[in-house]
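Student: Let me give you the structure first, and then I'll get to my questions.
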């Protein structure tokens with residue numbers, strides 16, 4: 194009796210693992226358009242009810258300060274990620290955020306070859322500024338998902354290895370109102386989207 198029960202349990206587990214293994218990730222790609230301008234540096238990301246492992250993001254995000262500019266000007270991170278702000282200019286810089294997305298911080302003034310960091314926790318787009326050089330601006334977009342892309346200079350984006358399921362696709366761009374829409378990723382399918390954002 195015990196042997197039969199174990200065999201049935203083993204068969205159920207094998208079938209469940211086999212079914213999960215047969216599921217193939219999908220791809221979401223497409224274009225983003227904004228009124229009277231390019232959609233470059235827009236952020237496209239997918240959210241769902243599932244939990245994601247923060248360890249999926251293994252890189253060490255850095256925003257450098259070069260030629261009186263933040264470089265890159267837009268990055269995407271998961272909640273709880275520490276972003277390093279380097280100073281590669283021969284002048285003092287300051288990095289701060291006024292807290293419009295719920296996280297106000299000021300890293301103070303610091304010289305060339307120095308760096309400071311801040312750990313971002315609140316979802317949303319955090320504007321990054323410099324008290325010394327008001328023309329400098331960057332954005333750290335905190336997205337609760339590892340499935341995201343930054344739109345390139347031609348307005349295109351691509352998100353690979355997306356597990357099948359229902360998602361909300363969100364698009365952020367600094368000049369337009371946020372976009373949100375429901376979609377379904379099919380098993381192993383390629384989904385192409387043409388997204389138009391409004392002011």
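In my numbering, the protein residues as written are 194 to 392. Glycine is no exception: its CB is placed at the ideal position from the N, C-alpha and C atoms.
1) By the 10 Å Cβ neighbour count, where 16 or more other Cβ atoms means buried, how is residue 311 classified, buried or exposed?
2) Please name the residue in 326, 253, 275, 232 whose C-alpha comes closest to that of residue 342.
3) Any chance the region 254–267 sits against the region 384–392, with 3 or more Cβ pairs inside 8 Å?
4) From residue 370 to residue 389, what does the alpha carbon distance come to, in whole angstroms?
5) Rounded to a whole number of angstroms, what is the C-alpha to C-alpha distance between residue 285 and residue 378?
6) Which term fits residue 315, buried or exposed, when burial requires 16 or more other beta carbons within 10 angstroms of its beta carbon?
7) For the region 223–288, which segments carrying the beta strand (DSSP E) assignment without a break, of at least 3 residues, lie completely within its bounds, in sequence order?
8) Would you identify the three-state DSSP class for residue 373, choosing helix, strand or coil?
9) Does the distance from the C-beta atom of residue 317 to that of residue 290 stay below 8 Å?
10) Taking the alpha-carbon positions, what's the residue 361 to residue 351 distance?
11) Please name the residue or residues paired with residue 383 in a DSSP beta bridge.
12) Check this for me: beta carbons of residue 363 and residue 227, under 8 Å apart or not?
13) Does the Cβ of residue 325 have 16 or more other Cβ atoms within 10 Å, making it buried, or fewer, making it exposed?
Tutor: Quick answer:
1) buried
2) 232
3) no
4) When rounded, the distance between both Cα atoms is 11 Å.
5) Roughly 48 Å separates the two Cα atoms.
6) exposed
7) 236–240, 255–259, 262–264, 267–270, 274–280
8) strand
9) no
10) 16 Å
11) BP columns for residue 383 point to 220.
12) no
13) exposed
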